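Colleague: This structure is in structure tokens; I'll ask about it shortly.
Number of protein chains: 4
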Amino acid sequence: MSASPDTRQRVRATSSKERLFEAAMKLLATRSPEAVSVDEIASAAGVSKGTVYYNYGSKDELVSQILDFGAQKLLRELTKVATGPAPYLVLKSMLEFAMDFVASYPAFVQLWMQEQLGADTSSVFTTMPLHSQVTNLIIDVLDRLVEIPESEKLPVATTIFGAALFNARMSSAREDGLERDQMVRAVMLIVDGLLATRPAATN
Amino acid sequence: MSASPDTRQRVRATSSKERLFEAAMKLLATRSPEAVSVDEIASAAGVSKGTVYYNYGSKDELVSQILDFGAQKLLRELTKVATGPAPYLVLKSMLEFAMDFVASYPAFVQLWMQEQLGADTSSVFTTMPLHSQVTNLIIDVLDRLVEIPESEKLPVATTIFGAALFNARMSSAREDGLERDQMVRAVMLIVDGLLATRPAATN
Amino acid sequence: MSASPDTRQRVRATSSKERLFEAAMKLLATRSPEAVSVDEIASAAGVSKGTVYYNYGSKDELVSQILDFGAQKLLRELTKVATGPAPYLVLKSMLEFAMDFVASYPAFVQLWMQEQLGADTSSVFTTMPLHSQVTNLIIDVLDRLVEIPESEKLPVATTIFGAALFNARMSSAREDGLERDQMVRAVMLIVDGLLATRPAATN
Amino acid sequence: MSASPDTRQRVRATSSKERLFEAAMKLLATRSPEAVSVDEIASAAGVSKGTVYYNYGSKDELVSQILDFGAQKLLRELTKVATGPAPYLVLKSMLEFAMDFVASYPAFVQLWMQEQLGADTSSVFTTMPLHSQVTNLIIDVLDRLVEIPESEKLPVATTIFGAALFNARMSSAREDGLERDQMVRAVMLIVDGLLATRPAATN
DNA sequence: AATGAATGAGGATTCATTCAT
DNA sequence: GATGAATGAATCCTCATTCAT
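As you go down the protein sequences, you meet chains G, B, S and U in turn.
With positions in the first sequence counted from 1, the corresponding number in this note's numbering is that position plus 395.
With positions in the second sequence counted from 1, the corresponding number in this note's numbering is that position plus 395.
With positions in the third sequence counted from 1, the corresponding number in this note's numbering is that position plus 395.
With positions in the fourth sequence counted from 1, the corresponding number in this note's numbering is that position plus 395.
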């Protein structure tokens, strides 16, 4: 009995589509989308240029699938972690996850930041932007830990988010990068600062 | 006594070279260099495309002059501020300056991050990279404030630097951005966290 | 039995690549490469400009393929002719071939002379330069005919080569050009001069 | 008594105009006019680009002045030499002069050949073209030496002219070039060939 | 499912030329 | 007599995209 075509399919290392996704991710890790050509992506994936169009329809579509995939994955996992019981440890876990995520999907931070800056905020926002969703998540956990004046919540959450992404991105780009746990501890100092200067949560 | 020709020179609104610099800065604030065309820069500056090449030789040169200018200015001012007497307030001033700087030179963070990622660290490094110079500055000030284990210094300084740049950049890109002082206070929480968990400096 | 697709391929008038080659050859016959634009070549070949780059990568590459093609063809044929038995007639045939060659590939002389002048002799010479290969060929044949002092061989061979190329090129450029056979006879006078003033070969 | 301004003028090494002429000559020796920029010429002459236009009005004008200057000089001198008494030696002298001329004005051959090829022969010819004037000169001298059928005169004269220019040009471009006298002797073989195969002139 | 050939719009750069000083 | 700044047309080249096979 020979292998069914179905099986053989699954055996073929990875599909063209996946290969392209990986290749694009790697290339977009250090360069802006405009600086990466479809040719380059295709040949890095070992397929022909036409295959990019066959699978993704356009360069922009490939790029935004990477962005969307990352955004969804980041949010999904972060939400999962955020439900844990001990808020301080939850925050730490969230940071750890974020660091690892950035290391695995290096293109993500780039693409996301670029998108943030280009922002035509005008668009009828269908979903809440990633940024808000993540800061909301952080705020929820912080609320379980300390009492913060409403006006400070967003800046603090944004700072935690930003420090995490920035550190992770910068260090993963250089072989002499900082250790993940060192970075996590440094960012957690923000929380330590809060704990030291604000009353504990009362709920 | 009439105005000297020297003075009249300076009066001519601004020179083509400066106009180009400003225009490029503005355009590069939200888009990568590859995504901004020379045509666009030239017409934003109100000069012909050829003038870009007359004054800067190439697009790359224009871009790197913006980067260099920013790096030097940032470092020079930060160094000046860092010499103040009260370390806690010094850090606050440094952050304030950094925030304002990013607001004035929005292209800078973009260009700098991009450059960090492209990193051909191989080059015979002539000057210490901006990143190291700034973190060294921060570490010096921190040392005057608290006692930190050697291994933690760099992660903490990097986090402060990163959080500042990231926040400043993100907020200055959106009209709904956070207030400068809110951001400064949020970042200063890192220092508060240190003060709460480490012994004070003993010098 | 119908024509194979292989055959049908070959039937399609001529491929873009070949059309470009021909067009470039024609245009380069009377103008330097710098004076012929890629646009011009493309439209003379009836293809789009992009096709030049798809097929040749750069203008320089197209030009040097023309040069290389010509050099190889010239040398190959000349070598073939040089093996004939009667040296005087061999020389005549070589000249006839050279004349016809120049008429068919008018761009060749231009490109080759230009290249000779630009000479970066520094390069690690991979093959013996065309010039030397041809003069060596001529010298071999002359040796079978007359006895020439070593020091005179190269000048004489060079003169034959040069006179042939120059005449052929000049005449093929003007409709009032000289007849091929007249030119051949004129150049052969060099050989006649040798025969009249040097002892016959003794081998 | 101080130097008069008039004198000082004459002292100034060479005028801008002459410097430009020399610089252009040198640069055009190995490259086509299209491949040499006005910038390059100006800076090789150590003057500003504007000065080219001040002195010559246009690049084309500068180039054709070089060509014209050379053509006139070559013809004038050659004519002078051609009037000598002994025809064989006259031809030799003409060749010697031509060789030296090409060595001194290396751009000339290039420019002239280019012009020959681009030839819109249609133009209402004001003066007889250089080529004809020179070959006529050669023919006159040859006539004093041997009897040549009318139809062979032009090919032979052209060959002498061509061989001379070509050899001179090629050798002056390379430091390993042939010696002038070797080249002259080689070209003179054409005359030897004539002498050996044609009756002497009878006039 | 995939590709190779071809395209044309756009982008960086060069360059002859003009002109005010 | 000479220059530096500026220009815009032309040039080389890149690249996302299309399409027949």
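Even for Gly, the Cβ is constructed at its ideal location relative to N, Cα and C.
Computed from a predicted model, the values in this text were never measured in an experiment.
1. Any C-beta of chain G sitting closer than 8 Å to the C-beta of B:Asn531?
2. What does DSSP give as the partner residues of U:Ala430 in its beta bridges?
3. Mind listing the chain G neighbours of B:Leu490? Cutoff is C-beta to C-beta under 7 Å, in chain order.
4. In the DSSP assignment, the alpha helix (DSSP H) including S:Met523 goes from what residue to what residue?
5. Would you mind telling me which residues of chain U sit closer than 7 Å to S:Ile585, beta carbon to beta carbon, in chain order?
6. Chain U beta carbons: is any one of them nearer than 8 Å to that of S:Val458?
7. Taking G:Glu547 as the query, report the chain B residues whose CB atoms sit under 8 Å from its CB, ordered along the chain.
8. Here's a check: name, in chain order, each residue in its chain whose Cβ is nearer than 7 Å to the Cβ of S:Ala532, leaving out the five neighbours to either side.
9. Taking CB distances under 8 Å as the criterion, tell me whether B:Thr553 reaches chain G.
10. Can you look up U:Ala595 in the DSSP assignment and give me helix, strand or coil?
11. Since S:Met523 meets chain U, which of its residues come closer than 8 Å, beta carbon to beta carbon?
12. Could you give the distance in angstroms between the alpha-carbon of B:Lys421 and the alpha-carbon of G:Thr597?
13. Can you name, in chain order, every residue of its own chain whose Cβ lies under 7 Å from the Cβ of S:Val433, other than the five neighbours on each side?
14. Using a Cβ-Cβ cut-off of 6 Å (strictly less than) and excluding sequence neighbours within five positions of S:Gln414, which residues of its own chain qualify?
15. Between S:Pro480 and chain U, is any beta-carbon pair separated by less than 8 Å?
16. For U:Thr554, is the classification buried or exposed, using 16 other Cβ atoms within 10 angstroms of its Cβ as the cut-off for buried?
17. Can you check whether the CB of G:Met494 is closer than 8 Å to the CB of G:Arg575?
18. Please state whether DSSP places B:Val579 in a helix, a strand or coil.
19. Can you list, in chain order, the residues of its chain with a C-beta nearer than 6 Å to that of U:Ala558? Leave out the 5 residues immediately preceding and following it.
20. Is there a C-beta anywhere in chain U that falls below 8 Å from the one on S:Phe561?
21. Could you confirm whether any beta carbon from chain B is found closer than 8 Å to the beta carbon of G:Gly513?
22. Against chain S, does U:Leu573 count as a neighbour if the rule is that its beta carbon must be under 8 Å from one of theirs?
23. To be precise: take each residue of the region 409-422 of chain G, compare its Cβ to all Cβ atoms of chain B, and keep it if any distance is under 9 Å. Which residues remain?
24. Determine the direct distance from the alpha carbon of U:Ala437 to that of B:Ser411, and round the result to whole angstroms.
25. State the start and end residues of the unbroken alpha helix (DSSP H) segment that holds B:Ile543.
26. Report yes or no: is there a C-beta of chain B within less than 8 Å of the C-beta of G:Thr592?
27. What's the gap between the Cα of S:Leu537 and the Cα of S:Ala591?
28. Closest to U:Lys468 by CA distance: which of U:Phe503, U:Ala424, U:Ser488, U:Val551 is it?
29. Looking at chain B, is there any beta carbon in it that lies within less than 8 Å of the beta carbon of G:Ser557?
30. Where B:Val442 and B:Ala419 are concerned, what is the direct C-alpha to C-alpha distance, given to the nearest angstrom?
31. Whose Cβ in chain G lies nearer than 9 Å to the Cβ of B:Gly427?
32. Would you identify the three-state DSSP class for U:Glu435, choosing helix, strand or coil?
33. Using the rule of at least 16 other Cβ atoms within 10 Å of the residue's Cβ for burial, across every protein chain shown, is G:Ala481 buried or exposed?
34. With a threshold of 8 Å between beta-carbons, can G:Pro544 be considered close to chain B, or not?
35. From the beta carbon of B:Ala568, is the nearest beta carbon of chain G less than 8 Å away?
Modeller: Let me lay it out:
1. no
2. Answer is none; U:Ala430 lacks a bridge partner.
3. By Cβ distance, chain G contributes nothing, its closest Cβ being about 11 Å from B:Leu490, past 7 Å.
4. It is not in any alpha helix (DSSP H) - S:Met523 carries neither H nor E in the DSSP assignment.
5. Leu584, Ile585, Gly588
6. no
7. Gln577, Arg580, Ala581
8. For the sequence presented, residue 532 of chain S should be read as Leu rather than Ala. Cβ within range, chain order: Leu473, Thr474, Ala477.
9. yes
10. strand
11. The contacting residues do not exist; S:Met523 stays about 14 Å from chain U at best.
12. 47 Å
13. Lys444, Val447, Lys454
14. Note that residue 414 of chain S is Arg in the sequence shown here, rather than Gln. Closer than 6 Å at Cβ, skipping near neighbours: Ala440.
15. no
16. buried
17. yes
18. helix
19. Val582
20. yes
21. yes
22. yes
23. none
24. 24 Å
25. Where B:Ile543 is concerned, there is no enclosing alpha helix (DSSP H), given that its DSSP letter is neither H nor E.
26. yes
27. 13 Å
28. U:Phe503
29. The sequence given here places Gly at residue 557 of chain G; Ser does not occur at that position. Yes, because at least one Cβ of chain B sits closer than 8 Å to the Cβ of G:Gly557.
30. 12 Å
31. According to the sequence provided, residue 427 of chain B is Ser. The question's Gly does not apply to it. Near B:Ser427 (Cβ distances below 9 Å), the residues of chain G are Arg426, Ser427, Pro428, Glu429, Ala430, Gln509.
32. helix
33. exposed
34. no
35. yes
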